[in-house]
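This report refers to the structure that appears directly beneath it.
Chains as they are written, first to last, in the numbering used here: chain V, 257 to 782; chain S, 257 to 782.
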């Protein structure tokens, strides 16, 4: 599968449900604004022991900035001390003669030191370089208050003075970031945990979630700044344990339900500006997560009216997924970009997708019962049993004692994890499957915190609490030790510069699907 | 003299005359706005026969732009068909999937083809690269109306699509330039001249002047966008023959008189934004041009009240200039950046500056009489005679029959021209001087249209009408043949890429001091 194929557009016709979209608009949150200030002037140094090879060294308190003046070719880096999402502003004044030429500045925003260390023009990956956060600005009249209109996601900002004139230099004052989030930190019950690592993971998770909570649940405030169903499901789970701002979940569900295609299929992600637009990417697993997310929402809120309104959309996703099931009771494998599961190029998606379908069917049965559609519930329950039996018959390899996937009978981590989450094996067997998975460690592994979440949750539902905690510490704990202020989109402890996009410069370092330790810790009482 | 020395700041204390500044504010013109549209899509080709080595070839009507779509790495160049000063705007729409990443565009504005042909990062001259007209912009949400907030001076605009994504391209619509000027073209009497070249020079002059008429007379709308006294004097002369918008001259005179230093000296130039600020550059000749400009203004308007209010400032410039005269009656030579005269590094400024002083003294006598200060007039007249005699005694070389300058007794074009304009020789001798100058062509020549103006006017007051017309055609006519839509700041027919700043990229191609052919043609009835 080429990346181009992954990105191939479909030509869906969107059927707008204006009532749903109006409800979503009504639920649009106000953003809370706070002014964040830089803490330090720093230098970035090459350090082969540091993540991406760059370390950040403090050189002065940020307050010292105002006394300094800068001419052509000078630069400095400010460290805001923590991850911020917001709008930067500062005063620029001149030192010396009246400014007889415009000022040219280049600003580079980085969530990580590498972003302010490595020039962006070295980036040659396959997704758009326009995600790299930079601005080149000209200022004709000074003194001037610069209020950058775009939102950035950053901890570090590098300011390069590209041109002044021979007659003047510049100084910078009142640098601030109007940080924005729809999360209300006051609503989070503090976690005082005996284990300081778990307490730390909880804190970083909440920070990650908060910075992704804007007027929708964004996947990442740096990139893609967009509402993805796969991220939404996990954000919502973390939210129920922390901010409990359930109207934001509700809003997002109404948005997805508001712009299905002509088959009733919900898109994998939505654009919110300039108006609500369904992306032309449809994914088997993500569409089913609408149903799973509605199940979680109802479980958290008991909001029966929303359930009633959105149930037809949720049921439709299951129906459409079932159309992909062949006569043997297994979802048809496919060479196209049909199911996400994980950023793992070698992964065959059949078994994990079958797992997602079983996982969702189980929840759909409950939802059908909750809306009083007993007949539908019974049909779905029969289908669940039928597919579970088919799964055991077709995909379970009794000799290797793993689930296999695709014509090559691939044994992947993702395949076992999703079958464990689907709970089609007896509890003890489920537990054995996961421990065997850890012991034998098949080659086609997990690439993202998103997939890692599912593994840890599978361990927890299988009763492997100690293993789950150990895994969380080994993964998110290592990320924290590597300097994560918020949890990263991608993290491979053995290849810390891994990027599915071609460069760690373009990775997101505050990413919704990585925020689940708070959910796992709090929900499972770790 | 190093460029650094030229740019050295003085530390003048400014004494603000608020009444004068209020009068200037009251006279602030409204800007007329018109929407200019691109005419053609063009390509720039290398051509050693063209100015700067680049020629512009039309490839399509601009209307064809809207049907085209552009992805990463694509670019196009629009030709607006004539010089424009204003604010560009356009719609950008997406083609293909919904835009799943920001759009990154680079815009480059050029008055000349070279500016959209040669990358700006090759510029390494000594004045600020921030004058080079470019923008790099990111657009997060599309469709989007881009309204660039900065004013540009251009005919060509290159649009480079730096990044889209693999899923979308972009198209451009409703491209326009909100062109601004305070000039009212309806006020100009048409010139129907038997000589089509003079008619053309008149037209281009007027266009140049109009594009420099903003809320003050700017020297160049691309660079420096500022009110310089040397430019103002020539713009005002051209204005009296064309737009006759004399309140704008008056406003500029009040501005200069409003911010003298503690000695009463007017600055060589003013910044208007964010408030009226006198630059810390003071030039012997430019300060005197305040007096000469007031003389011209009074001659054109007979506005006696303004004369009365501004006469003390005008007289003060003469007094200060006279302080620079030594015991022999000649202005002291100096190694510093004390008098401009021309962009000619080898030029000794003594003789031409003496000429400027004599030229101004003669006009100051008239002004003193006009305000009824007979005693002052008599004193100035005596001083004029004394200095004229000293000039003949000290600077006139009877053997070489030229005026000499400085301790090396330099014979320059500028020295002769300013002495001719000072009219200290009998008319016939003045004429002979100029013809001898042309015939012998001393090595230290003229470098700018500004200096060329003074030479042509000197020819005209000496009665050498044919020579003046021939010179105008050889210079401004050649510029027109080389493609000038508006007259250029710099033009050396023998070295068309000449720049005193290090690169033709940074030269201004619509420059006030080059707009005088209309004045010379109309005032002298050519």
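For every residue, glycine included, the Cβ atom is placed at its ideal position computed from N, Cα and C. The structure presented is a predicted model; accordingly, all values stated were derived computationally and were not measured.
{"query": "Distance between residue 760 (chain V) and residue 386 (chain V) (C-alpha atoms, nearest Å)", "result": "15 angstroms"}
{"query": "Complete alpha helix (DSSP H) runs within the region 420-489 of chain V (minimum length 4 residues, chain order)", "result": "452-468"}
{"query": "Touching by the beta-carbon criterion (3+ pairs, under 8 angstroms), the region 532-539 of chain S and the region 502-522 of chain S", "result": "yes"}
{"query": "DSSP bridge partner residues for residue 352 (chain V) (one or two, in chain order)", "result": "V:424"}
{"query": "CB contact below 7 angstroms: residue 533 (chain V) versus chain S", "result": "yes"}
{"query": "CB of residue 426 (chain V) within 7 angstroms of CB of residue 374 (chain V), strictly", "result": "no"}
{"query": "Buried versus exposed call for residue 764 (chain V) [16 or more other C-beta atoms within 10 Å across all chains shown]", "result": "buried"}
{"query": "Within-7 angstroms CB hit, residue 387 (chain V) to chain S", "result": "yes"}
{"query": "Buried/exposed call for residue 734 (chain S), threshold 16 Cβ in 10 Å", "result": "exposed"}
{"query": "Distance between residue 483 (chain S) and residue 477 (chain S) (C-alpha atoms, nearest Å)", "result": "11 angstroms"}
{"query": "Which of helix, strand or coil DSSP assigns to residue 310 (chain V)", "result": "strand"}
{"query": "Which of helix, strand or coil DSSP assigns to residue 600 (chain V)", "result": "coil"}
{"query": "Buried/exposed call for residue 390 (chain V), threshold 16 Cβ in 10 Å", "result": "buried"}
{"query": "Neighbourhood of residue 265 (chain S) by C-beta, 6 angstroms cutoff - its chain only, sequence neighbours within 5 removed", "result": "Confidence in residue 265 (chain S) is poor, its pLDDT being 46 and thus under 50, which makes the residue's placement unreliable; the coordinate value appears in the next sentence. The residues are 536."}
{"query": "Residue 590 (chain S) at chain V interface by Cβ criterion, 7 angstroms", "result": "no"}
{"query": "Cβ pair residue 339 (chain S), residue 411 (chain S) closer than 7 angstroms", "result": "yes"}
{"query": "Supposed contact pair residue 651 (chain S) and residue 610 (chain S) - C-beta distance, whole angstroms, cut 8 angstroms", "result": "7 angstroms"}
{"query": "Those residues which DSSP pairs with residue 652 (chain S) across a bridge", "result": "S:659"}
{"query": "Validate contact between the region 766-776 of chain V and the region 711-730 of chain V using beta carbons, cut 8 angstroms, 3 pairs", "result": "yes"}
{"query": "Cβ-based burial, residue 314 (chain V) [other Cβ within 10 Å; buried from 16]", "result": "exposed"}
{"query": "Residue 688 (chain S) - partner residues in DSSP beta bridges", "result": "The partner list for residue 688 (chain S) (beta bridge, DSSP) is empty, contrary to what the question assumes."}
{"query": "Proximal residues of chain S, C-beta to C-beta of residue 382 (chain V) below 9 angstroms", "result": "422"}
{"query": "Under 7 angstroms between C-beta atoms of residue 602 (chain V) and residue 673 (chain V)", "result": "no"}
{"query": "Contained beta strand (DSSP E) runs [length at least 3] in the region 519-547 of chain V, N- to C-terminal order", "result": "525-527"}
{"query": "Where residue 507 (chain S) falls: helix, strand or coil (DSSP)", "result": "helix"}
{"query": "Close-in-space but distant-in-sequence residues of the same chain around residue 297 (chain V) (CB under 8 angstroms, 5 per side omitted)", "result": "314, 315, 316, 317, 318, 320, 321, 332, 333, 334, 335"}
{"query": "Three CB pairs or more closer than 8 angstroms across the region 488-502 of chain S and the region 550-567 of chain S", "result": "yes"}
{"query": "Spatial distance of residue 614 (chain V) from residue 497 (chain V) (CA atoms)", "result": "25 angstroms"}
{"query": "Meets three-Cβ-pair contact criterion under 8 angstroms: the region 704-723 of chain V and the region 659-679 of chain V", "result": "yes"}
{"query": "Which of helix, strand or coil DSSP assigns to residue 284 (chain S)", "result": "coil"}
{"query": "Host beta strand (DSSP E) of residue 767 (chain S) (start-end)", "result": "Counting along the chain, residue 767 (chain S) falls outside any beta strand (DSSP E), and DSSP gives it neither H nor E."}
{"query": "Start and end residues, alpha helix (DSSP H) containing residue 560 (chain S)", "result": "560-578"}
{"query": "At least three beta-carbon pairs within less than 8 angstroms, the region 504-513 of chain V to the region 560-571 of chain V", "result": "yes"}
{"query": "Through-space distance from residue 547 (chain S) to residue 608 (chain S), alpha-carbon basis", "result": "17 angstroms"}
{"query": "Which listed residue (S:580, S:469, S:703) has its alpha carbon closest to that of residue 756 (chain S)", "result": "S:703"}
{"query": "Contacts that residue 392 (chain S) makes with chain V (C-beta to C-beta distance below 7 angstroms)", "result": "392"}
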